[in-house]
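Numbering (our numbering), first residue to last: 12 to 313.
Cβ atoms here follow ideal geometry from the backbone N, Cα and C, with glycine treated the same way.
Quick caveat, the model's predicted, so the values are computed rather than measured.
Input: a single structure, listed below in structure tokens.
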């Protein structure tokens with residue numbers, strides 16, 4: 012591929028700045044969008060099509076090209092989202108009159124239900140006694156994940172002053188840098204008290220992070236994932252544990268008990284209720300399994 016023209020470089024830099032500072036996208040997301048756009052430009056170059064003159068048919072052919080390469084519908088949708096945003100920027104800055112990506116859609120994504128732990132499995136996992144300082148920290152993290160349904164990125168981003176023990180609340184910074192308050196349950200508060208007593212001895216004097224590693228600095232997301240896998244193996248769990256499994260379990264169990272979809276949406280920080288509705292399907296699946304196994308006219312005979 013030939014080097015990007017000066018105009019294209021300028022347009023990309025403007026778009027990156029818009030994503031980062033106007034839309035509050037993470038550095039990781041901006042880098043992903045930029046990579047997607049660069050790959051599209053490379054493909055256009057191979058087709059002898061100029062970026063500023065591409066038509067909807069070109070974008071459609073590119074989406075089909077990605078699909079033939081084995082890219083998932085979700086991955087293609089992300090690419091198209093990047094292209095729509097980029098061309099929107101070109102239209103807004105009068106570099107183009109139309110957006111050739113606006114009407115192009117990715118292949119339909121098959122709907123898959125998230126896996127969850129049942130309530131008894133969660134109780135068995137979290138009722139284990141902490142072993143040493145790191146055990147107190149890990150138990151506090153895992154209790155908090157299940158108690159609040161927060162994302163892994165939200166957990167590792169917590170500072171001590173985000174936690175209000177008296178009120179039983181925690182303030183998290185979610186996607187798009189949107190803040191929301193989440194309740195912290197009784198058992199999670201108990202585990203957090205145990206961890207805070209230990210944290211005083213572990214944390215670097217200037218460290219503000221709620222959860223720290225052995226060197227006294229903020230714990231990384233990768234470390235949390237690793238510790239949770241180890242925790243699952245040590246506890247004899249028959250299911251591979253990961254942070255999002257606790258989030259899914261939180262949502263499913265809360266919806267099963269309350270039936271309040273809007274409340275679950277708010278707690279999870281979903282922008283659209285359609286994202287949360289997947290848990291209604293999960294809840295129905297659970298009810299259907301219970302019916303099949305318990306109802307005298309539904310049980311299968313051996």
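Distance, residue j Cα to residue i Cα
{"i": "residue 90", "j": "residue 115", "result": "11 Å"}
{"i": "residue 109", "j": "residue 98", "result": "8 Å"}
{"i": "residue 78", "j": "residue 201", "result": "50 Å"}
{"i": "residue 301", "j": "residue 149", "result": "Any reading at residue 301 must be qualified, since the residue scores a pLDDT of 48, below 50, and its modelled position is unreliable; the value itself is stated next. Roughly 33 Å between the two C-alpha positions."}
{"i": "residue 67", "j": "residue 44", "result": "19 Å"}
{"i": "residue 183", "j": "residue 56", "result": "44 Å"}
{"i": "residue 243", "j": "residue 52", "result": "45 Å"}
{"i": "residue 240", "j": "residue 103", "result": "47 Å"}
{"i": "residue 199", "j": "residue 42", "result": "36 Å"}
{"i": "residue 151", "j": "residue 92", "result": "37 Å"}
{"i": "residue 154", "j": "residue 212", "result": "21 Å"}
{"i": "residue 177", "j": "residue 197", "result": "11 Å"}
{"i": "residue 389", "j": "residue 48", "result": "Within the shown structure, residues of the chain are numbered from 12 to 313, placing residue 389 beyond reach of any answer."}
{"i": "residue 11", "j": "residue 181", "result": "Residue coverage of the chain in this structure runs from 12 to 313, which leaves residue 11 outside it and unanswerable."}
{"i": "residue 141", "j": "residue 249", "result": "20 Å"}
{"i": "residue 245", "j": "residue 136", "result": "10 Å"}
{"i": "residue 221", "j": "residue 172", "result": "8 Å"}
DSSP three-state assignment for residue i, whether helix, strand or coil
{"i": "residue 192", "result": "strand"}
{"i": "residue 99", "result": "helix"}
{"i": "residue 162", "result": "coil"}
{"i": "residue 180", "result": "strand"}
{"i": "residue 175", "result": "strand"}
{"i": "residue 229", "result": "strand"}
{"i": "residue 28", "result": "helix"}
{"i": "residue 82", "result": "coil"}
{"i": "residue 215", "result": "coil"}
{"i": "residue 35", "result": "coil"}
{"i": "residue 74", "result": "helix"}
{"i": "residue 109", "result": "coil"}
{"i": "residue 45", "result": "helix"}
{"i": "residue 145", "result": "helix"}
Opposing strand residues paired with residue i [DSSP bridges]
{"i": "residue 170", "result": "220"}
Supposed contact pair residue j and residue i - C-beta distance, whole angstroms, cut 8 Å
{"i": "residue 214", "j": "residue 227", "result": "5 Å"}
{"i": "residue 284", "j": "residue 276", "result": "5 Å"}
{"i": "residue 254", "j": "residue 163", "result": "4 Å"}
{"i": "residue 174", "j": "residue 193", "result": "The Cβ separation is near 10 Å, so there is no contact."}
{"i": "residue 262", "j": "residue 160", "result": "6 Å"}
{"i": "residue 112", "j": "residue 60", "result": "Not quite, the Cβ-Cβ distance comes to about 14 Å (not below 8 Å), so this is no contact."}
{"i": "residue 145", "j": "residue 257", "result": "Going by Cβ atoms, the distance from residue 145 to residue 257 rounds to 18 Å, so no, they are not a contact pair."}
{"i": "residue 260", "j": "residue 133", "result": "6 Å"}
{"i": "residue 96", "j": "residue 189", "result": "Rounded, the Cβ-Cβ distance is 19 Å, inconsistent with contact."}
{"i": "residue 287", "j": "residue 272", "result": "6 Å"}
Residues near residue i by beta carbon distance below 7 Å, same chain, minus five either side
{"i": "residue 308", "result": "Confidence at residue 308 is low in this model, with a pLDDT of 48, below 50, so the placement of that residue should be treated as unreliable; the coordinate-derived value is given next. The answer is none, since no qualifying residue turns up."}
{"i": "residue 179", "result": "194, 195, 200"}
Cutoff 7 Å: residue i Cβ touching any chain B Cβ
{"i": "residue 68", "result": "The question asks about chain B, but that chain is absent: this structure has only one protein chain."}
Close Cβ partners of residue i (< 8 Å) along its chain, the five nearest in sequence each way excluded
{"i": "residue 236", "result": "163, 253, 254"}
Same chain, Cβ closer than 6 Å to residue i, five either side skipped, listed in chain order
{"i": "residue 265", "result": "275"}
{"i": "residue 82", "result": "none"}
{"i": "residue 50", "result": "none"}
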